[in-house]
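Asks: Next up is a structure, given as structure tokens.
Here's what the structure looks like:
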């Protein structure tokens, strides 16, 4: 049986939380088979579109990543800096760029978590008590919440579950 140190086990569990489906739908699953025409559709009574949620996730995760690795990072203004202006992607490539950036930034964050020189419990010197572990849990919680909203929007739009 493979034995982990406590730190290695925690890094493994954090990676699993951030990058594996386990008890919830992944972003990839939530977006699978989504018709392009629904990316900017807003069901009656709902405040967001799938595009706005996707971009919000990307912007928030990018901010958490940059905060976690640089004292020089300045977060966007709240709330306007964390939401796109429009309900639909501004051009035909914006959706794919957003998904790619979200994936890339998550992998970059996971590299911080995986780095044995990263102390998951040490307060970030430029923060107010935040740790890398706290930021990892924040990404996991925030993304899971909004992926759940995406699934609910797809249900309301008649596009869930995805066609197989």
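In my numbering, the protein residues as written are 87 to 250.
Glycine included, C-beta positions come from ideal geometry on N, C-alpha and C.
What do you reckon, are the CB atoms on residue 136 and residue 239 nearer than 9 angstroms?
Replies: In this structure, residue 239 lies closer than 9 angstroms to residue 136 by Cβ.
Asks: Whole alpha helix (DSSP H) runs in the segment 174-231 with 4 or more residues, listed along the chain?
Replies: 180-200
Asks: If you count every other CB in all the chains shown that lies within 10 Å of the CB of residue 200, and 16 or more means buried, which is it?
Replies: Under the 10 Å beta carbon count, residue 200 is surrounded by fewer than 16 other beta carbons and is classified as exposed.
Asks: Within 10 angstroms of its Cβ, does residue 176 collect 16 or more other Cβ (buried), or is it exposed?
Replies: exposed
Asks: Confirm, please, whether the CB-CB distance from residue 206 to residue 187 is below 9 angstroms.
Replies: no
Asks: Do residue 191 and residue 164 have their beta-carbon atoms positioned less than 9 angstroms apart in this structure?
Replies: No, the Cβ-Cβ distance between residue 164 and residue 191 is not below 9 angstroms.
Asks: Assign residue 154 to one of three DSSP states: helix, strand, or coil.
Replies: Judged by DSSP in its simplified three-state form, residue 154 adopts helix.
Asks: What's the call for residue 133, buried or exposed, on a 16-neighbour Cβ count within 10 Å?
Replies: exposed
Asks: Checking 9 angstroms against the spacing of the C-beta atoms, do residue 233 and residue 110 come in under that value?
Replies: yes
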